[in-house]
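Engineer:
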Amino acid sequence: MLVLAHISDLHLDGTERATERAERVRDRLWGLAGRVDALLVTGDIADHGAEAEYEEAARLLGLRDPDTAPFPVLTCPGNHDSRAPYRKALLGGPAGDGPVNSLHVFDDAAVLMCDSSIPGRDEGEFDEETYAWIEATLDDLDGGLPALLAFHHPPVALHHPLPDAYQLGEPRALAGLLERRPEIVGLITGHAHTPAATAFAGRPLVVGPGVTWTLRLPWEGEGVADRDAPPGFAFHVLDDEGRLTSHFRVA
Ligand SMILES: [Fe+2]
Ligand SMILES: [Fe+2]
């Protein structure tokens with residue numbers, strides 16, 4: 001059984017508000033040392049993609065000095081992130097503008113952190129390099145190992161005009177991948193700033209809440225961003241039957 005904590009959309013911008021909210025969630029999670037297997041951070045870590053914002057993220061999430069985080073912290077970029085400073089500050093290099101994809105293998109499952117960002121754009125897409133990386137990575141894994149894909153842009157409409165305008169493009173390509181790859185048992189995303197559960201190509205698709213603000217749905221009233229809502233996070237449990245169960249919390 002794998003227990004993953006999940007945060008998304010910190011939008012660190014150097015303001016006290018953003019820092020305080022991220023620290024509040026971080027402190028809750030760090031208190032779970034030994035009981036959580038890893039923390040997933042699904043993009044929009046920085047608000048402007050500035051190096052100073054990533055320096056803060058690295059400090060806050062213990063990314064540069066792994067001893068300060070009680071479990072592995074796995075990240076992927078979002079549309080507000082910028083690959084070069086992200087790589088430099090969060091990963092310690094090497095430089096490069098290609099997609100930032102990474103694999104973490106646990107005893108019973110693998111998590112693929114995939115880059116769905118398109119530099120300079122708000123909508124998302126997996127480029128050819130990322131699709132090839134996913135296929136090659138799964139080929140290299142032990143055949144029966146269940147895998148989760150985590151990335152920023154949901155590939156479906158969530159019934160709000162803002163995130164629905166900036167979804168993951170070419171969803172049929174992702175659906176085709178899932179058809180070929182039964183070992184992918186679930187999809188975990190961010191971007192929409194609303195905790196949501198749906199399905200895509202026969203797999204559970206879970207959208208994590210935002211740390212920075214919460215999306216106000218069209219039937220909830222005026223204004224897109226509820227900035228008074230507390231920062232959210234999630235726990236995802238992948239059990240021995242390959243079933244993904246998600247719990248949502250606020251800090
Ligand atoms: Fe965001
Ligand atoms: Fe986003």
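If you use my numbering, the sequence shown closes out at 251, no skipped numbers anywhere.
Where a beta carbon is used, it is the ideal one built from N, C-alpha and C, also for glycine.
Could you check what DSSP says for T194 in three-state terms: helix, strand or coil?
Structural biologist: Looking at T194 - three-state DSSP - the assignment turns out to be coil, as it is neither helix nor strand.
Engineer: Counting Cβ pairs closer than 8 angstroms, one from the stretch 52-62 and one from the stretch 5-25, do we hit at least three?
Structural biologist: yes
Engineer: I need the residues with a C-beta less than 5 angstroms from some heavy atom of ligand 1; please give them in chain order.
Structural biologist: Any residue whose Cβ sits closer than 5 angstroms to a heavy atom of ligand 1 makes the list: D9, D44.
Engineer: Would you mind giving the Cβ-Cβ distance between V237 and V25, rounded to the nearest angstrom? I have them listed as a contact below 8 angstroms.
Structural biologist: About 19 angstroms; that fails the 8 angstroms criterion.
Engineer: What are the boundary residues of the beta strand (DSSP E) that L244 is part of?
Structural biologist: 244-250
Engineer: If you follow the beta strand (DSSP E) that T19 is in, where does it begin and where does it stop?
Structural biologist: No beta strand (DSSP E) holds T19; the alpha helix (DSSP H) holding it covers 16-30.
Engineer: Could you give the distance in angstroms between the alpha-carbon of W133 and the alpha-carbon of R83?
Structural biologist: Each residue's alpha carbon lies about 17 angstroms from the other.
Engineer: Can you tell me which of the three DSSP states L178 falls into?
Structural biologist: helix
Engineer: Between P70, D81, L60, R227, which lies nearest to H48 when the distance is taken from Cα to Cα?
Structural biologist: D81
Engineer: Taking Cβ to Cβ, would you say A175 is nearer than 8 angstroms to A201?
Structural biologist: yes
Engineer: Exposed or buried, which one is T212 when buried takes at least 16 other CB atoms within 10 Å?
Structural biologist: buried
Engineer: Shorter than 7 angstroms, the distance from the beta carbon of H256 to the closest heavy atom of ligand 2, or not?
Structural biologist: Here the chain covers residues 1 to 251 and nothing more, so residue 256 does not appear.
Engineer: Closer than 7 angstroms: is that where the CB of G78 sits relative to any heavy atom of ligand 2?
Structural biologist: yes
Engineer: DSSP has G232 in a bridge; who is on the other side?
Structural biologist: V250
Engineer: Quick one, which of F106, D37, L215 has its alpha-carbon nearest P163's?
Structural biologist: Looking only at F106, D37, L215, the smallest Cα-Cα distance to P163 is reached by L215.
Engineer: Does the beta-carbon of H247, which I'm using as the reference point, lie nearer than 7 angstroms to any heavy atom of ligand 2?
Structural biologist: Taking non-hydrogen atoms of ligand 2 into account, the C-beta of H247 is found less than 7 angstroms away from none of them.
Engineer: For D164, name the three-state secondary structure that DSSP assigns.
Structural biologist: helix
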